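Student: Before I ask anything, let me first share the structure, which is written out below as structure tokens.
Residue numbers (my numbering): 1 to 405.
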């Protein structure tokens, strides 16, 4: 809005806020700049003409001096058109000229105002001090018959101080506006970064959830499909049981996938009303794995599993689920032990262990992303997770999670 509709109402130093500070002063004049420059030129010319008329009214003034005054005053007024490009040079020149030429006093005041607006305090203070030091020179060299030396000197001091102070106030206001604008832009950028980070974290959470949910189902499909492929002569009952596991696992995988897609579309439009897993539902996971043919031993030493916070219980469930999935992929046929211990105020510990595989098996594809996701999940829950091979060739996954009192 500022750059397209109202740019002409702003000074050039504020119309292009994205430019660096040393380039704003050299940007093209806006309509407002032209209006201000024209007004300043006319005011300086008016003051010069009034001064020239007063000098002409003095019969003791030679004609040559009057002509020189008018020419120098006109040149001083015209110099104001380049004050935006060289504010310091124009101001110093006009201060020196105004010390001996009263017709250029108006142009000198405009130049002092411009340098106070566009330059920092140090050069403004130096030029202002020079103007104050030279203030008594003009009344001394060219005294006004109607004004005393003291009165002219006081006016010559007060006017530059007033103009410089006004210019510094304008500069401070512009700097405040630019600072507020930059803060708003920075806040908007930070908000966008936070939104992007939130989206990234949400995507990571969804990806982690999809891996934890679907990996368990799909490994069941892979293992039993592989068994049917490599044992076409298996008994009919075993084939039927494997086919039933494949069907149930595919059905559960589709249900879980439908729930995740529903959440992605809109939380309010999701049709997944199935309860989220907790520590209390860990028994059903173990039963499902046993039905699929795994040998699983559950040692749950938590007296009241339902008392565990839902988020913590869900993390324990997912860790156990991923541990069983990894054991099914890398140690099929081995007995897996799932141990859960802990109490309120002491924290929870879940451990999944399996021995080394004793029989050759077809390796199920996997990239190891599950353990990375579990580590992140445990860390987000305020706990920790470690995993690695055991001395007997097996594998162990152990997580410690907080359980507040």
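Note that beta-carbon positions come from the ideal geometry of N, C-alpha and C, so glycine has one too.
None of these values were measured; they are calculated from a predicted model.
(1) If residue 73 sits next to residue 104, beta carbons under 8 Å apart, how far is it from one beta carbon to the other, in whole angstroms?
(2) Check whether the Cβ atoms of residue 331 and residue 381 sit closer than 8 Å, and answer yes or no.
(3) Might you give, ordered along the chain, the residues of its own chain that have their beta carbon closer than 8 Å to the beta carbon of residue 97, omitting 5 neighbours on each side?
(4) Beta carbon of residue 106, beta carbon of residue 91: below 8 Å?
(5) Apart from the five residues on each side of it in sequence, which residues of its chain come closer than 7 Å, Cβ to Cβ, to residue 21?
(6) For residue 178, does the three-state DSSP call read helix, strand or coil?
(7) I need the straight-line Cα distance from residue 188 to residue 284, nearest angstrom please.
(8) According to the neighbour-count rule (16 or more other Cβ atoms, all chains shown, within 10 Å of its Cβ), is residue 446 buried or exposed?
(9) State the start and end residues of the unbroken alpha helix (DSSP H) segment that holds residue 343.
(10) In angstroms, rounded to a whole number, what distance separates the CA positions of residue 269 and residue 255?
(11) Could you tell me how far apart the beta carbons of residue 377 and residue 387 are, in whole angstroms, since I believe they sit closer than 8 Å?
(12) So, at 7 Å on beta carbons, what are the nonlocal neighbours of residue 159 in its own chain, with the 5 sequence-adjacent residues on each side left out?
(13) Since I believe residue 345 is in contact with residue 405 (beta carbons under 8 Å), could you give me their beta-carbon distance rounded to a whole number of angstroms?
(14) Could you spell out where the beta strand (DSSP E) holding residue 297 opens and where it closes?
(15) What whole-angstrom Cβ distance do residue 102 and residue 142 have, given they're in contact under 8 Å?
(16) Look at the alpha carbon of residue 161 and the alpha carbon of residue 183, and state the distance between them as a whole number of angstroms.
(17) Determine whether the beta carbon atoms of residue 356 and residue 338 lie at a separation below 8 Å.
(18) Can you tell me whether DSSP reads residue 134 as helix, strand or coil?
(19) Residues in the same chain with beta-carbon distance under 6 Å from residue 390, minus the five sequence neighbours each way, listed in chain order, please.
(20) If you reduce the DSSP assignment to three classes, tell me which class residue 381 lands in.
(21) Is residue 93 helix, strand or coil by DSSP?
(22) Measuring CA to CA, which of 180, 168, 130 is closest to residue 426?
(23) Quick one: residues in its chain with C-beta nearer than 8 Å to the C-beta of residue 403, no 5 flanking neighbours on either side, listed in chain order?
(24) So residue 148 is in the alpha helix (DSSP H); what residue range does that whole segment cover?
(25) Can you tell me the Cβ-Cβ gap for residue 282 and residue 317, rounded? I've got them flagged as a contact below 8 Å.
(26) Just verifying my parser: in three-state terms, what is the DSSP assignment at residue 99?
(27) Could you check what DSSP says for residue 386 in three-state terms: helix, strand or coil?
(28) When the Cα atoms are used, what is the spatial distance from residue 89 to residue 95?
(29) Sort 173, 340, 146, 203 by Cα distance to residue 301 and report the nearest one.
(30) Helix, strand or coil: how does DSSP classify residue 349 here?
(31) Answer with buried or exposed for residue 204, where buried requires no fewer than 16 other C-beta atoms within 10 angstroms of its C-beta.
Tutor: Short version:
(1) Position 73 of the chain shown, counting from 1, holds the residue named residue 73. Position 104 of the chain shown, counting from 1, holds the residue named residue 104. With a Cβ gap of about 5 Å, residue 73 and residue 104 count as contacting.
(2) Counting from 1 along the chain shown, the entry for residue 331 is found at position 331. Counting from 1 along the chain shown, the entry for residue 381 is found at position 381. Cβ atoms of residue 331 and residue 381: not closer than 8 Å.
(3) For the purposes of this step, residue 97 is identified with residue 97 of the chain shown, where counting begins at 1. Cβ neighbours of residue 97 beyond the five flanking positions: 72, 76, 104, 108.
(4) On the chain shown, position 106 is the one that residue 106 refers to. On the chain shown, position 91 is the one that residue 91 refers to. No, the Cβ-Cβ distance between residue 106 and residue 91 is not below 8 Å.
(5) Counting from one through the chain shown, the residue named residue 21 turns up at place 21. Its pLDDT being 43, under 50, residue 21 is placed unreliably by the model, and the measurement read from it follows with that caveat. Nothing listed; no residue qualifies.
(6) As a working mapping, residue 178 is identified with position 178 in the chain shown. The DSSP-derived three-state label of residue 178 is helix.
(7) Counting from 1 along the chain shown, the entry for residue 188 is found at position 188. Counting from 1 along the chain shown, the entry for residue 284 is found at position 284. Going by C-alpha positions, residue 188 is about 48 Å away from residue 284.
(8) Given a span of 1 to 405 for the chain in the structure shown, any question on residue 446 remains unanswerable.
(9) Translated into the one-based positions of the chain shown, residue 343 becomes position 343. No alpha helix (DSSP H) contains residue 343, which is instead part of the beta strand (DSSP E) from 335-343.
(10) Position 269 of the chain shown holds residue 269. Position 255 of the chain shown holds residue 255. In this predicted model, residue 269 has a pLDDT of only 46, less than 50, meaning its place in the structure is not dependable; the value taken from the coordinates is given anyway. Taking the straight line from one Cα to the other gives about 15 Å.
(11) By 1-based counting over the chain shown, the position of residue 377 is 377. By 1-based counting over the chain shown, the position of residue 387 is 387. No, residue 377 and residue 387 are not in contact; Cβ-Cβ is about 13 Å, not under 8 Å.
(12) Counting from 1 along the chain shown, the entry for residue 159 is found at position 159. Contacts found: 109.
(13) Translated into the one-based positions of the chain shown, residue 405 becomes position 405. Translated into the one-based positions of the chain shown, residue 345 becomes position 345. Right, their Cβ atoms sit about 3 Å apart.
(14) Stepping through the chain shown from its first residue, residue 297 is reached at position 297. 295-300 is the span of the beta strand (DSSP E), which, as asked, contains residue 297.
(15) In the chain shown, counting from the first residue as 1, residue 102 sits at position 102. In the chain shown, counting from the first residue as 1, residue 142 sits at position 142. Indeed they touch by this definition, with Cβ atoms about 6 Å apart.
(16) The sequence position of residue 161 within the chain shown is 161, counting from 1. The sequence position of residue 183 within the chain shown is 183, counting from 1. Their Cα atoms are separated by approximately 33 Å.
(17) Here residue 356 corresponds to residue number 356 of the chain shown, with the count starting at 1. Here residue 338 corresponds to residue number 338 of the chain shown, with the count starting at 1. No; because the gap between Cβ atoms is not below 8 Å, this pair is not in contact.
(18) Here residue 134 is taken as the residue at index 134 of the chain shown, counted from 1. Here residue 134 sits in coil by DSSP.
(19) Counting from 1 along the chain shown, the entry for residue 390 is found at position 390. Cβ neighbours of residue 390 beyond the five flanking positions: 396.
(20) Indexing the chain shown from 1 puts residue 381 at position 381. DSSP places residue 381 in coil when its eight states are reduced to three.
(21) The sequence position of residue 93 within the chain shown is 93, counting from 1. Residue 93 falls in the helix class under three-state DSSP.
(22) Since the displayed the chain opens at 1 and closes at 405, residue 426 lies outside it and no answer follows.
(23) Here the question's residue 403 lines up with position 403 in the chain shown. Excluding its 5 nearest sequence neighbours in each direction, residue 403 has C-beta neighbours in its own chain below 8 Å: 308, 309, 312, 342, 343, 344, 345, 346, 347, 348, listed in chain order.
(24) Within the chain shown, numbered from 1, the residue matching residue 148 stands at position 148. Looking at the DSSP string, residue 148 is not in any alpha helix (DSSP H), and its letter there is neither H nor E.
(25) On the chain shown, residue 282 is found 282 positions in, with the first residue counted as 1. On the chain shown, residue 317 is found 317 positions in, with the first residue counted as 1. Correct: roughly 6 Å between the Cβ atoms.
(26) Start at 1 with the first residue of the chain shown, and residue 99 comes out as number 99. It is coil, neither helix nor strand.
(27) Start at 1 with the first residue of the chain shown, and residue 386 comes out as number 386. Note: residue 386 maps to strand in three-state DSSP.
(28) Numbered from 1 along the chain shown, position 89 holds the residue referred to as residue 89. Numbered from 1 along the chain shown, position 95 holds the residue referred to as residue 95. Their Cα atoms are separated by approximately 10 Å.
(29) The residue given as residue 301 occupies position 301 in the chain shown. Selected option, being the one with the closest Cα: 340.
(30) Position 349 of the chain shown, counted from the first residue, corresponds to residue 349. Residue 349 falls in the strand class under three-state DSSP.
(31) Taking the first residue of the chain shown as 1, we reach residue 204 at position 204. The residue is exposed, with fewer than 16 neighbouring Cβ atoms inside 10 Å.
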